[in-house]
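Asks: In our numbering, the protein residues as written are 100 to 502. We put the beta carbon where it would ideally sit given N, CA and C, even for glycine. Please find one structure pasted underneath; my questions will follow.
Dropping the structure here:
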């Protein structure tokens with residue numbers, strides 16, 4: 100620390116300040132690269148200026164460490180613009196308060212949805228939320244034995260993590276022996292955006308963050324939504340390398356319907372996580388024109404009921420009534436046969452045939468999805484956008500409040 104060496108400017112040289120230069124730098128890239136071929140590196144310059152092959156001590160046996168600007172260049176990790184990473188780190192654990200808050204590290208390109216623009220203000224549209232942690236309800240980890248972390252996140256609701264002996268480490272590989280806590284956080288305030296088509300009702304953060312499990316670790320959640328026993332679920336957790344939620348394990352609702360338990364896989368690090376049903380998968384093939392055979396239910400296409408029948412010999416599923424509806428196309432079809440008569444020895448007559456797809460030829464776009472829960476309160480809706488000749492048209496489909 101060179102603080103106070105300069106009487107006129109005592110702050111010069113103190114720890115954490117940039118070194119002062121009395122010349123104009125001329126780096127190749129304007130930042131740190133040598134300007135030209137065969138230029139010596141910083142260590143060569145240091146060794147040339149202070150050419151010493153063995154320690155030299157004074158009368159007290161103390162050596163003198165000689166440092167110059169070039170030596171600082173080799174050890175610079177944060178001040179060189181081109182050498183910094185693109186991760187935003189928020190040390191909530193260092194907040195000067197009696198409450199505990201988490202450490203959050205987020206990749207800026209993921210938060211910005213583009214690479215960082217140098218020389219411009221890069222605005223984060225999504226706020227970073229630091230929840231107050233329930234450290235008091237956490238569990239001390241004993242590295243020498245298996246530890247079951249059970250923590251209440253709401254009255255009557257527990258989340259459990261089964262930590263095998265010696266499997267929880269920090270990023271440097273040091274075995275963790277501190278307190279591991281579990282705190283519920285609002286789903287809309289997670290550091291990373293939730294995957295599309297996933298709407299969890301329970302998200303937790305496991306702290307301290309940035310710890311690593313050397314083997315997948317199972318987690319058990321309360322069955323807050325009341326999913327049916329045996330219902331398959333997925334375990335999601337934030338990947339610290341990508342900053343995004345990933346499916347890290349398979350879960351299933353317990354036989355008594357009270358818990359959601361990990362049956363394979365598990366979390367690989369302490370972070371944010373949640374259970375969720377397998378996401379709804381849109382069937383792209385449904386966007387093509389449906390055929391009669393494609394429209395038939397895979398389980399029973401030939402059943403005869405008041406709700407659905409098959410047109411004889413056609414293979415088409417139809418709904419009966421005064422008119423019929425082709426379930427594969429949505430077409431409304433109606434026929435009326437007028438009274439026939441005989442003329443010149445032949446029976447003659449007139450049949451009126453109505454087909455909604457011919458009378459009002461509007462294209463019908465079919466869509467469908469898999470993993471849809473059979474729930475009378477759920478609706479499958481879609482929004483359509485198409486382009487023609489540079490003109491884009493959008494059909495909103497469903498809007499909030501519509502039946």
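With residue 210 as the anchor, note down where its alpha helix (DSSP H) starts and where it stops.
Replies: Taking the first residue of the chain shown as position 1, residue 210 is located at position 111. 207-211 is the extent of the alpha helix (DSSP H) around residue 210.
Asks: Count Cβ pairs between the segment 237-257 and the segment 192-203 that sit closer than 8 Å; are there 3 or more?
Replies: no
Asks: When you compare only the Cα positions, how much space is there between residue 451 and residue 458?
Replies: Looking up residue 451 in the chain shown gives position 352. Looking up residue 458 in the chain shown gives position 359. Approximately 13 Å between the Cα atoms of the pair.
Asks: Name the residue from 229, 218, 220 and 187 whose alpha carbon lies nearest to the alpha carbon of residue 198.
Replies: The residue labelled residue 198 in the question sits at position 99 within the chain shown. It is 229 whose Cα lies nearest to the Cα of residue 198.
Asks: Using a Cβ-Cβ cut-off of 7 Å (strictly less than) and excluding sequence neighbours within five positions of residue 364, which residues of its own chain qualify?
Replies: In the chain shown, counting from the first residue as 1, residue 364 sits at position 265. Correct list, in chain order: 315, 334, 347, 348 and 349.
Asks: Does the segment 258-274 come into contact with the segment 235-245, if we say contact requires no fewer than three beta-carbon pairs (one atom in each stretch) closer than 8 Å?
Replies: yes
Asks: Specify the secondary structure class of residue 241 as computed by DSSP and reduced to three states.
Replies: As a working mapping, residue 241 is identified with position 142 in the chain shown. Coil at residue 241, not helix or strand.
Asks: Taking C-beta to C-beta, are residue 312 and residue 366 nearer than 8 Å?
Replies: For the purposes of this step, residue 312 is taken as the residue at position 213 of the chain shown. For the purposes of this step, residue 366 is taken as the residue at position 267 of the chain shown. Contact flag set, yes.
Asks: For the 8 Å Cβ check, are there 3 or more pairs between the segment 222-240 and the segment 272-287?
Replies: Yes, the segment 222-240 touches the segment 272-287.
Asks: Roughly how many angstroms separate the alpha carbons of residue 180 and residue 218, rounded to a whole number?
Replies: For the purposes of this step, residue 180 is identified with residue 81 of the chain shown, where counting begins at 1. For the purposes of this step, residue 218 is identified with residue 119 of the chain shown, where counting begins at 1. The predicted position of residue 180 is uncertain, since its pLDDT is 49 and thus under 50; no value can be drawn from it.
Asks: Return the first residue and the last residue of the alpha helix (DSSP H) that residue 336 is part of.
Replies: As a working note, residue 336 is residue 237 in the chain shown. Element bounds for residue 336: not the alpha helix (DSSP H) but the beta strand (DSSP E), 331-337.
Asks: Helix, strand or coil: which one does DSSP assign to residue 321?
Replies: Numbered from 1 along the chain shown, position 222 holds the residue referred to as residue 321. Under the three-state reduction of DSSP, residue 321 is assigned to strand.
Asks: Rounded to the nearest angstrom, what separates residue 342 and residue 423 at their Cα positions?
Replies: Numbered from its first residue, the chain shown carries residue 342 at position 243. Numbered from its first residue, the chain shown carries residue 423 at position 324. Going from the Cα of residue 342 to the Cα of residue 423 covers about 53 Å.
Asks: Taking the alpha helix (DSSP H) that residue 457 belongs to, which residues open and close that run?
Replies: Residue 457 sits at position 358 when you count from the first residue of the chain shown. Counting along the chain, the alpha helix (DSSP H) containing residue 457 begins and ends at 455-458.
Asks: Can you tell me whether residue 434 is buried or exposed, with buried defined as 16 or more other CB within 10 angstroms of its CB?
Replies: Looking up residue 434 in the chain shown gives position 335. Exposed, since its Cβ has fewer than 16 Cβ neighbours within 10 Å.
Asks: Taking the alpha-carbon positions, what's the residue 290 to residue 194 distance?
Replies: Reading the chain shown from its first residue, position 191 is the one you call residue 290. Reading the chain shown from its first residue, position 95 is the one you call residue 194. CA-CA distance, residue 290 to residue 194, rounds to 18 Å.
Asks: Closest to residue 114 by C-alpha separation, out of 102, 106, 108 and 259, would be which residue?
Replies: Stepping through the chain shown from its first residue, residue 114 is reached at position 15. When only C-alpha atoms are compared, the closest one is 102.
Asks: Considering only the beta carbon of each residue, do residue 380 and residue 468 sit closer than 8 Å?
Replies: Translated into positions along the chain shown, residue 380 becomes position 281. Translated into positions along the chain shown, residue 468 becomes position 369. Contact flag set, yes.
Asks: Expressed to the nearest angstrom, what Euclidean distance is found between the alpha-carbon atoms of residue 319 and residue 257?
Replies: The sequence position of residue 319 within the chain shown is 220, counting from 1. The sequence position of residue 257 within the chain shown is 158, counting from 1. Cα-Cα distance, rounded: 8 Å.
Asks: Is it buried or exposed for residue 325, if we count other Cβ within 10 angstroms and need 16 for buried?
Replies: Indexing the chain shown from 1 puts residue 325 at position 226. Counting of Cβ neighbours within 10 angstroms places residue 325 among the exposed residues, the total staying below 16.
Asks: Tell me the DSSP secondary structure of residue 493 in three-state form.
Replies: For the purposes of this step, residue 493 is identified with residue 394 of the chain shown, where counting begins at 1. Here residue 493 sits in strand by DSSP.
Asks: Alpha carbon to alpha carbon, what distance is there between residue 232 and residue 275?
Replies: Along the chain shown, one-based indexing puts residue 275 at 176. Along the chain shown, one-based indexing puts residue 232 at 133. Their Cα atoms are separated by approximately 18 Å.
Asks: What number of angstroms, rounded off, separates the C-alpha of residue 375 from the C-alpha of residue 436?
Replies: Indexing the chain shown from 1 puts residue 375 at position 276. Indexing the chain shown from 1 puts residue 436 at position 337. Approximately 55 Å, taken between the alpha carbons.
Asks: Within 10 angstroms of its Cβ, does residue 272 collect 16 or more other Cβ (buried), or is it exposed?
Replies: The sequence position of residue 272 within the chain shown is 173, counting from 1. Burial call: exposed.
Asks: Would you list the one or two residues that DSSP bridges to residue 368?
Replies: Position 269 of the chain shown holds residue 368. DSSP lists 311 as partners of residue 368.
Asks: Run the proximity test for residue 188: is its beta-carbon closer than 7 Å to any non-hydrogen atom belonging to the ligand MN?
Replies: In the structure shown, the ligand MN is absent, as is every other ligand, since no ligand is present at all.
Asks: Kindly give me the distance between the Cβ atoms of residue 309 and residue 358, rounded to whole angstroms, as I take these residues to be in contact under 8 Å.
Replies: Along the chain shown, one-based indexing puts residue 309 at 210. Along the chain shown, one-based indexing puts residue 358 at 259. 28 Å between Cβ atoms; not a contact.
Asks: Cβ of residue 215 within 8 Å of Cβ of residue 207?
Replies: Residue 215 sits at position 116 when you count from the first residue of the chain shown. Residue 207 sits at position 108 when you count from the first residue of the chain shown. For residue 215 and residue 207, yes; Cβs fall inside 8 Å.
Asks: Could you tell me which residues DSSP pairs with residue 305 in its beta bridges?
Replies: Within the chain shown, residue 305 is the residue found at index 206, counting from 1. In the DSSP output, where bridge partners are listed per residue, residue 305 has 281.
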